[in-house]
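Colleague: Position one of the sequence shown corresponds to residue 1375 (my numbering), numbered consecutively onward.
Cβ atoms here follow ideal geometry from the backbone N, Cα and C, with glycine treated the same way.
These numbers were taken from a predicted model, which means no experiment stands behind them.
Submitted below is the structure of interest, expressed as structure tokens.
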Amino acid sequence: MATSADIIARVRTELGDLAEDFVVPIFGSRPVLELGVRNVSTVGLTVVKQIPGQPSVVIDPSRYTLLARTGIITLLDPLPDNATVITTGSHYPLFSDGELAQFVADAERQHCHERELKVRGRNENGFITYTRTPMTLANLPDIEIVPLTILATINALYSAATDAATDMDIITAEGTHLRRGQRYEQMMMHVVQLQARYKEICTQYNIGAYRMETSQLRRISKTTGRYVPLFIGREYDEGGPNSLPTRLLPPVDSPHEDTSGVPSPWIYPYGGI
């Protein structure tokens, strides 16, 4: 089964947001180090302190704090004036690991919404049982990894498009025209193509947000005027203590609900219970 880190790696490949290595030497006794790069990865990050005449020392991660988004390191221990701090690691041009993890979590909730896995078995008493488990990334079938990656990529591109939407075209007096808005247009065109790709895969395998669902029409009792309850369908051989009927609670639309608090008449025209 794929993990969140696996999906994040696939999304970075789709976005072209691959890791780039950096080596930043900083001289002096400054406690705050500006690396000049954004979205710094904590994996493989090394901060080395060099003092002339002394061996190099790797600073323990507990002795500094890192703002990964802005690439700023704050040292907790003072440095001499002749010290040099060399920071090596990797960073990502577009998104940090935390941002992509949020996009993947959103895509997981959207793709697995109201879906479950059903496994048939027999309990210790000999009854045929069916175990129903809500679908998550932990039990997602391998065939659905690609559409989930596409959906997470769409979420990431929507976030980037929000920033690109504020770019305005520039027209100078000399006739130069810089179409900065074209970046937003191309990004949204790619989003539309990815949405069509995601829908095509979902309809082929009947998965995700575009799967076909079997629903039941609700019936109103002529005796009570209330909805007749609905129950989850069960297999013909499903038995045991855990096979009792399970209610379904479909949403009831009430766009014109009375909020006055006045009780509605039931028997008498002037009010009642």
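Run the CB neighbour count on Y1579, radius 10 Å, all protein chains shown included, and call it buried at 16 or more, exposed below.
Modeller: Result: exposed.
Colleague: In terms of DSSP beta bridges, what is S1430 paired with?
Modeller: BP columns for S1430 are empty, so no partner.
Colleague: Spell out a yes or no on whether the segment 1550-1561 and the segment 1410-1422 are touching, meaning 3 or more CB-CB pairs, one atom from each, closer than 8 Å.
Modeller: No, because fewer than three Cβ pairs between the segment 1550-1561 and the segment 1410-1422 fall closer than 8 Å, the two stretches do not touch.
Colleague: Out of A1526, G1495 and E1473, which one is the CA nearest neighbour of H1485?
Modeller: Among A1526, G1495 and E1473, the Cα nearest to that of H1485 belongs to A1526.
Colleague: Quick one: using the 10 Å Cβ neighbour count with 16 as the cut-off for buried, is R1386 buried or exposed?
Modeller: Classification for R1386: buried.
Colleague: Residues in its own chain within less than 7 Å of M1375 by CB, not counting five upstream and five downstream?
Modeller: If we look at M1375 and ignore the five residues flanking it on each side, its Cβ neighbours are A1512, N1513 and L1514.
Colleague: Leaving out the 5 sequence neighbours to the left and right, which residues in its chain are closer than 6 Å to S1430 when beta-carbon positions are compared?
Modeller: Within the same chain, S1430 has close Cβ partners V1422 and Q1424.
Colleague: Taking a contact to mean a Cβ-Cβ separation below 9 Å, would you say G1613 touches I1502 in this structure?
Modeller: It is a contact, given that the beta carbons lie within the stated cut-off.
Colleague: Out of C1576, H1564, I1581 and H1630, which has the shortest C-alpha to C-alpha gap to A1535?
Modeller: The option with the nearest alpha carbon to A1535 is H1564.
Colleague: With H, G and I counted as helix, E and B as strand and the rest as coil, what does DSSP make of G1646?
Modeller: Confidence in G1646 is poor, its pLDDT being 46 and thus under 50, which makes the residue's placement unreliable; the coordinate value appears in the next sentence. If DSSP states are grouped into helix, strand and coil, G1646 belongs with coil.
Colleague: Count the other CB atoms, across all protein chains shown, that sit within 10 Å of the CB of I1447; report buried if there are 16 or more and exposed otherwise.
Modeller: Buried is the call here.
Colleague: Is it buried or exposed, E1482, if we count other Cβ atoms within 10 angstroms and call 16 or more buried?
Modeller: It is buried - the Cβ of E1482 has at least 16 other Cβ atoms within 10 Å.
Colleague: Closest by CA to P1399, which one among T1458, G1427 and D1380?
Modeller: Of the candidates T1458, G1427 and D1380, the one whose C-alpha sits nearest the C-alpha of P1399 is T1458.
Colleague: Which residue spans inside the segment 1551-1582 form an unbroken beta strand (DSSP E) run of at least 3?
Modeller: Runs of the beta strand (DSSP E) inside the segment 1551-1582: none found.
Colleague: Looking at A1383 and F1469, is the spacing between their C-beta atoms short of 9 Å?
Modeller: Not closer than 9 Å, so no.
Colleague: Look at the alpha carbon of L1622 and the alpha carbon of F1605, and state the distance between them as a whole number of angstroms.
Modeller: Whole-angstrom Cα-Cα distance: 5 Å.
Colleague: Taking C-beta to C-beta, are A1583 and Y1558 nearer than 9 Å?
Modeller: No, the Cβ-Cβ distance between A1583 and Y1558 is not below 9 Å.
Colleague: Would you mind listing the beta strand (DSSP E) stretches within the segment 1430-1455 that are 3+ residues and don't spill past its ends, in chain order?
Modeller: DSSP runs (the beta strand (DSSP E)) wholly in the segment 1430-1455: 1438-1441 and 1446-1449.
Colleague: Can you check whether the CB of P1508 is closer than 9 Å to the CB of C1576?
Modeller: The answer is no: Cβ separation not under 9 Å.
Colleague: Under a Cβ-count criterion, where at least 16 other Cβ atoms within 10 Å of its own Cβ denotes burial, should T1362 be classed as buried or exposed?
Modeller: Limits of the chain in this structure are 1375 at one end and 1647 at the other, which puts residue 1362 out of reach.
Colleague: Are the Cβ atoms of I1528 and Q1476 separated by less than 9 Å?
Modeller: No, Cβ-Cβ distance for I1528 and Q1476 is not below 9 Å.
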